[in-house]
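Student: Got a structure for you, questions after.
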Amino acid sequence: MAVVSDIQARCAIWFGQPLATERAALAAVGWQVRSVDPLQPQAVGLRGRDQVVGVIDLRQIPALALTAVTEWTQRHDHLPLLAVLPSGVSSPPPSWQPLLDACQGHFSLPLEQQALLEQLAHHPQHTSTDADSPAQRLIGDSPALLATRASLFKFAPVDLPVLVTGETGTGKELAAHALHAMSARADHRFMAVNCGAIPANLVQSELFGHERGAFTGAAQRRLGLFESASGGTVFLDEVGDLPLDAQTSLLRVLQEGTIERVGSSQPLRVDVRVLAATHVDLEQAVAQGRFRRDLFYRLNVLRLAMPALRERSGDVLVLAEHFLRQFRARHPGRARGFSSCARQAMQRFDWPGNVRELLNRVQRAAIVADGELIEPSDLDLVATLPAAARALLQSAREQVERDLLVQALRENEFNVSACARHMQVSRVTVYRLCRKHQVELPAIR
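Quick note: the sequence shown uses the working numbering, first residue 301, plus one each step.
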């Protein structure tokens, strides 16, 4: 059964209908949006445990609803209010003034769209949504990342396992840290282990501990990861690499909340939340018999998919500048930005290593750059092109190579030795090129 923490929900009562981008941006900083028909504001119900802000969307409220909304705000004068004005409005009509006066009771001026989102994100009552929030450490503003951050706010308070999936370098461990820091277990330990890095004969001992004398070299009792993290969170990175016997023991933790140390048959209760990550397809591993089906179902209660960097349109440059600022704060150097060519090269690149690869390239470029602006060569991106363009370029190069070979053969009357001297290569190379490009000498003569 899911246990929901006492962390308060953050709710924006929106009189009108927010744009899809506005709703996504608010969800990414932990705000639920409850849309209210301005003509029926009396239908709004306020739960005592929620942290609530009212949003008066004057872009949509019809004149007939102004009085009803104004009366509602007067009855709930304890509620912080914000106003959204249509773009370009310099002098609001007099009929809006009562509502604007109510908003000014908490904020000096009515706010436009972007300022509204910033004000909600940094509202003084809601410190967990500021720039230092764990969710905000996932840098970027792309729709894919906003959806990921919104899922973090949904999953963190619920004490259930989370399976974090995604390619290498997408930030799975960073997301796990955020889930822990935003949960009711934040004051307890977060312990992470890479399951693929533990020798197979030591996995049980590392995770569940052992008794003295349990095996050769076990001179004393040792607490495992799960006992050490009691009350907190265990993060199992690359969980797909666990041996089958350790998978059985992990299933017992998830089903019964107990472990057994190696060398003991006495079950011990542990109170931990399990987060797991993998870059492999666990469904395929289950089908191949490498991963227990029942364990997969236990881990896959909530799934957080980390998007690849190539799917995060616009985030590459934001991340690159962030990494460069971080590096300059620790290691002052000449490089202070990126040239336009470097920006274009970064946006064209596929980033198979995702955010981790971008971080490494930016740090290296900051060291080797000779000027104030980092160039594509500093990032080792001189020859980078989109995959389709690279394939087209390779095809064109091979066609040119074949044409030059055939031309050299014809000019030397198909004498391989003379052709080799003409091309300044060995006879073996000429024969190799003929095989590569399927040039048959008798046929071409």
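Virtual Cβ for every residue (Gly too), placed ideally from N, Cα, C. Please read these numbers as outputs of a predicted model, since none were measured by experiment.
Compare the Cα-Cα distances from His477 to each of Ala456, Thr468, Cys495, Leu460 and report the closest residue.
Tutor: Ala456
Student: If you check the beta carbons only, do Met606 and Thr470 fall under 8 Å apart?
Tutor: yes
Student: With H, G and I counted as helix, E and B as strand and the rest as coil, what does DSSP make of Val572?
Tutor: coil
Student: Give, in chain order, every unbroken run of the beta strand (DSSP E) that is at least 3 residues long and sits entirely within the region 530–566.
Tutor: 533–537
Student: Closer than 8 Å by C-beta to Leu568: which residues in its own chain qualify, once you throw out the five before and the five after it? Chain order, please.
Tutor: Excluding its 5 nearest sequence neighbours in each direction, Leu568 has C-beta neighbours in its own chain below 8 Å: Glu527, Thr558, Ile559, Glu560, Arg561, listed in chain order.
Student: For Val580, which of Phe596, Val574, Gln566, Arg727 has the nearest alpha-carbon?
Tutor: Closest option to Val580, Cα to Cα, is Phe596.
Student: From Gln588 to Ala718, what distance separates their C-alpha atoms?
Tutor: 57 Å
Student: Bridge partners for His510 per DSSP, in chain order?
Tutor: Arg522, Val562
Student: Report the option in Ala629, Leu474, Asp670, Leu460 whose CA atom is closest to the CA atom of Ala435.
Tutor: Leu474
Student: Spatial neighbours of Gly653 within its chain, please: CB distance less than 8 Å, with the 5 preceding and 5 following residues excluded, ordered by chain position.
Tutor: Thr468, Gly469, Asn660
Student: Starting from the N-terminal side, write out each stretch of the alpha helix (DSSP H) that is 4 residues or longer and does not extend beyond the region 678–732.
Tutor: 687–711, 716–723
Student: Are the CB atoms of Leu599 and Val539 within a distance shorter than 8 Å?
Tutor: yes
Student: Going by DSSP in three states, Phe315 sits in which element: helix, strand or coil?
Tutor: For Phe315, the secondary structure class from DSSP, reduced to helix, strand or coil, is strand.
Student: Go ahead and pull the three-state DSSP assignment for Asn654.
Tutor: Asn654 falls in the helix class under three-state DSSP.
Student: Using the Cα positions of His426 and Arg310, report the straight-line distance between them to the nearest angstrom.
Tutor: Because the pLDDT at His426 is just 44, under 50, the model does not fix this residue reliably, and the point stays unresolved.
Student: Counting along the chain, where does the beta strand (DSSP E) carrying Leu463 start and finish?
Tutor: 462–465
Student: Determine the burial state of Asp670: buried for a count of at least 16 other Cβ atoms within 10 Å of its Cβ, exposed for fewer.
Tutor: exposed
Student: Which partner residues of Asp357 appear in the DSSP bridge assignment?
Tutor: Answer by DSSP bridge pairing, in chain order: Val384.
Student: Would you call the region 484–493 in contact with the region 541–560, where contact means no fewer than 3 C-beta pairs closer than 8 Å?
Tutor: no
Student: Helix, strand or coil for Leu602, going by three-state DSSP, please let me know.
Tutor: strand
Student: If you draw a straight line from the C-alpha of Ala363 to the C-alpha of Leu673, how long is it?
Tutor: Ala363 and Leu673 have their alpha carbons spaced roughly 54 Å apart.
Student: Just the Cα atoms here: how many angstroms apart are Thr429 and Leu326?
Tutor: At Thr429 the pLDDT is 41, less than 50, meaning the model places this residue with poor confidence and gives no usable figure here.
Student: Going by other Cβ atoms of all chains shown within 10 Å of its Cβ, with 16 needed for buried, is Leu619 buried or exposed?
Tutor: buried
Student: I'd like the span of the alpha helix (DSSP H) that includes Arg628, first residue to last.
Tutor: 615–630
Student: Please report the distance separating the alpha-carbon of Val333 from that of Val352.
Tutor: 10 Å
Student: Can you check whether the CB of Leu400 is closer than 8 Å to the CB of Pro392?
Tutor: yes
Student: So Met646 is in the alpha helix (DSSP H); what residue range does that whole segment cover?
Tutor: 640–648
Student: Considering only the alpha carbon of each residue, which of Ser390, Gln374, Leu379 lies closest to Pro398?
Tutor: Gln374
Student: Give every residue of the same chain whose Cβ lies closer than 8 Å to the Cβ of Ala720, excluding the five residues on either side of it in the sequence, and list them in chain order.
Tutor: Ser726, Arg727, Thr729, Val730
Student: From which residue to which residue does the alpha helix (DSSP H) around Ser750 run?
Tutor: Given that the chain is displayed from residue 301 to residue 745, the structure contains no residue 750 and the question cannot be resolved.
Student: Tell me, which residues are paired with Gln351 by DSSP?
Tutor: Arg310
Student: Going by the C-beta, is Leu399 closer than 7 Å to any heavy atom of the ligand MG?
Tutor: With respect to small molecules bound, the structure shown includes none, and the ligand MG cannot be examined in it.
Student: Closest to Val706 by CA distance: which of Lys736, Ser565, Ile498 is it?
Tutor: When each option's Cα is compared against that of Val706, the closest is Lys736.
Student: Let me make sure I understand the geometry here. Which of Cys641, Asp703, Lys472, Arg702 has the alpha-carbon closest to that of Leu679?
Tutor: The shortest Cα separation from Leu679 among Cys641, Asp703, Lys472, Arg702 belongs to Cys641.
Student: Return the first residue and the last residue of the alpha helix (DSSP H) that Val369 is part of.
Tutor: 363–375
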